[in-house]
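Undergrad: A single structure is presented below for examination.
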Ligand SMILES: Cc1cc2nc3c(=O)[nH]c(=O)nc-3n(C[C@H](O)[C@H](O)[C@H](O)COP(=O)(O)OP(=O)(O)OC[C@H]3O[C@@H](n4cnc5c(N)ncnc54)[C@H](O)[C@@H]3O)c2cc1C
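Residue numbers (the numbering used here): 9 to 379.
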């Protein structure tokens, strides 16, 4: 048994005892289950033990996210983002910031959000225009963020912005902004294809008070490092969605008879499920290989391979598994129709497959130079 086992078990129990049963209610009410997130015991995965967290290694953390992905990828994603914020605060925050927010974030009493994307700046994060100016006591931030997850729900947002202290993106810093502060509003919550319970929308910052988390000069590097961990989380969540899709189809194909045979005995179905099983093995190995390299120079490209592959494989698996169940694949008794929408979401969030190919392509350039 590793140090991660209690957390993996907790994630499995959270999914088995709560997420599957309660999800239809979350969707009907459109309400984020913050009490469940707080009670999950999974809100400080990557904060060190001396600082009061669980201090999981990245490979162990990915096993937790795989379990969460079996239940609901959107809820799992919200915990991924919260954990990224909690880890960044403890890794880079001033003693004062940690004193104000640390304990509440670790306990899940406060939730964290991450605001990088803007209406005109998605994949090209260097095109952001949000600015921060010093005001003598701290900073004031102005700008409009887009695709802010937990909009209006999270308590602390890490906002990526310019400070004017350096050319190009060298002036990018990360500011800690209280979601309730004057000058912070959420003027638009998106109407999405799935996951009504997870509020995502625009965040307007009008001279909002902020504290510096990461200063200009290292802000972009710190943001990219946090995004690498988040991308690995997403690949692990996709692996969980993939595994659950396969289990769902296997149970059905084992028990369902057609033309006097088990559906699982039809070679056409069996071979498609075999391909989904091979892809699942590949996704798991890529996620673990990437997690082991996080924080090293090989991390970004290893993560790009996992983030490029796992959501695509999960989408293919969800479609294949739904087809293997015939009409029943469309029933909400099974998660497969929802999983198809969620796998599409996982392809985009924290960097699209094309952006991962850009990262891999740049690495190929370096390899070509060495040949
Ligand atoms: C569910 C969800 C939650 C999110 N939560 C957050 C959040 O909490 N905080 C946050 O900051 N952001 C969040 N995002 C935003 C997300 O990170 C961006 O959507 C993503 O980075 C892509 O940006 P975009 O949607 O603007 O696409 P665009 O950048 O406009 O891209 C459009 C298309 O062009 C392709 N493309 C772009 N550049 C290239 C290129 N150089 N070469 C080839 N193809 C290219 C893209 O792959 C895509 O297919 C969330 C997104 C989703 C879907």
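Quick reminder that beta carbons are idealized off the backbone N, C-alpha and C, glycines included. Because the structure is a prediction, the values reported are computed rather than measured.
Specify the secondary structure class of residue 248 as computed by DSSP and reduced to three states.
TA: What you label residue 248 is simply residue 240 of the chain shown in a count that begins at 1. Reduced to three states, the DSSP call for residue 248 is helix.
Undergrad: Quick check on residue 313: does DSSP put it in helix, strand or coil?
TA: Taking the first residue of the chain shown as 1, we reach residue 313 at position 305. Correct three-state label for residue 313: helix.
Undergrad: Within 10 angstroms of the Cβ of residue 50, are there 16 or more other Cβ atoms? Answer buried if so, exposed if not.
TA: The residue given as residue 50 occupies position 42 in the chain shown. Residue 50 is buried by the Cβ-count criterion.
Undergrad: On the DSSP letters alone, give me the boundaries of the beta strand (DSSP E) that residue 136 sits inside.
TA: Reading the chain shown from its first residue, position 128 is the one you call residue 136. Looking at the DSSP string, residue 136 is not in any beta strand (DSSP E), and its letter there is neither H nor E.
Undergrad: Can you check which of these residues, 86, 120, 300, is closest to residue 97 by C-alpha distance?
TA: Position 89 of the chain shown holds residue 97. Of the listed residues, the one whose Cα sits closest to residue 97 is 120.
Undergrad: Identify, in the order they occur along the chain, each residue of the same chain with its Cβ nearer than 8 Å to the Cβ of residue 6, setting aside the five sequence neighbours on each side.
TA: Since the first residue of the chain shown is 9 and the last is 379, residue 6 is not available in this structure.
Undergrad: Following a CB-centred definition, is residue 155 positioned closer than 7 Å to any heavy atom of ligand 1?
TA: Position 147 of the chain shown holds residue 155. True, at least one ligand heavy atom lies under 7 Å from that Cβ.
Undergrad: Between residue 146 and the rest of its own chain, which residues show a CB-CB distance below 8 Å, the 5 nearest in sequence each way excluded?
TA: Here residue 146 is taken as the residue at index 138 of the chain shown, counted from 1. Here the set comprises 217, 218, 219, 220.
Undergrad: So residue 277 and residue 243 are in contact, right, with Cβ under 8 Å, and what is the actual spacing, rounded?
TA: The count along the chain shown starts at 1 and reaches residue 277 at position 269. The count along the chain shown starts at 1 and reaches residue 243 at position 235. Going by Cβ atoms, the distance from residue 277 to residue 243 rounds to 27 Å, so no, they are not a contact pair.
Undergrad: Could you check if residue 340 is buried or exposed, using at least 16 other CB atoms within 10 Å of its CB as the buried criterion?
TA: Working through the chain shown from its first residue, we reach residue 340 at position 332. Classification of residue 340: exposed, given that the 10 Å Cβ count is below 16.
Undergrad: Is it true that the CB of residue 287 sits closer than 8 Å to the CB of residue 324?
TA: Sequence index remark: in the chain shown, residue 324 carries index 316 (1-based). Sequence index remark: in the chain shown, residue 287 carries index 279 (1-based). Yes, these two residues count as a Cβ contact at 8 Å.
Undergrad: DSSP three-state label for residue 365, please.
TA: Within the chain shown, numbered from 1, the residue matching residue 365 stands at position 357. Residue 365: helix per DSSP, three-state reduction.
Undergrad: Mapping DSSP to helix, strand and coil, what is residue 225?
TA: Position 217 of the chain shown, counted from the start, is the residue given in the question as residue 225. Three-state DSSP puts residue 225 in coil, outside helix and strand.
Undergrad: Counting along the chain, where does the alpha helix (DSSP H) carrying residue 298 start and finish?
TA: One-based indexing of the chain shown puts residue 298 at position 290. Per DSSP, residue 298 belongs to the alpha helix (DSSP H) from 275-301.
Undergrad: Cβ of residue 121 versus every heavy atom of ligand 1: is any distance shorter than 7 Å?
TA: By one-based count along the chain shown, residue 121 stands at place 113. True, at least one ligand heavy atom lies under 7 Å from that Cβ.
Undergrad: Let me know the secondary structure DSSP gives residue 357 once reduced to three states.
TA: Working through the chain shown from its first residue, we reach residue 357 at position 349. Coil.
Undergrad: Is DSSP giving residue 320 helix, strand or coil here?
TA: Indexing the chain shown from 1 puts residue 320 at position 312. Helix.
Undergrad: Give me, in chain order, the residues of the same chain whose beta-carbon lies closer than 7 Å to that of residue 1; leave out the 5 immediate sequence neighbours on both sides.
TA: Nothing can be reported for residue 1: it is not among the residues displayed for the chain, which extend from 9 to 379.
Undergrad: Given this structure, state the Cα-to-Cα distance separating residue 24 from residue 84, to the nearest angstrom.
TA: Indexing the chain shown from 1 puts residue 24 at position 16. Indexing the chain shown from 1 puts residue 84 at position 76. Taking the straight line from one Cα to the other gives about 14 Å.
Undergrad: Alpha carbon to alpha carbon, how far is residue 362 from residue 297? Give it in angstroms, no decimals.
TA: Numbered from 1 along the chain shown, position 289 holds the residue referred to as residue 297. Numbered from 1 along the chain shown, position 354 holds the residue referred to as residue 362. Distance between the alpha carbons of residue 297 and residue 362: 21 Å.
Undergrad: Under a three-way DSSP split, which group does residue 105 fall into?
TA: On the chain shown, position 97 is the one that residue 105 refers to. Residue 105: helix per DSSP, three-state reduction.
Undergrad: Compute every distance between the C-beta of residue 125 and the non-hydrogen atoms of ligand 1, then say whether any falls below 7 Å.
TA: Position 117 of the chain shown, counting from 1, holds the residue named residue 125. Because some heavy atom of ligand 1 lies under 7 Å away, the Cβ of residue 125 counts as near it: yes.
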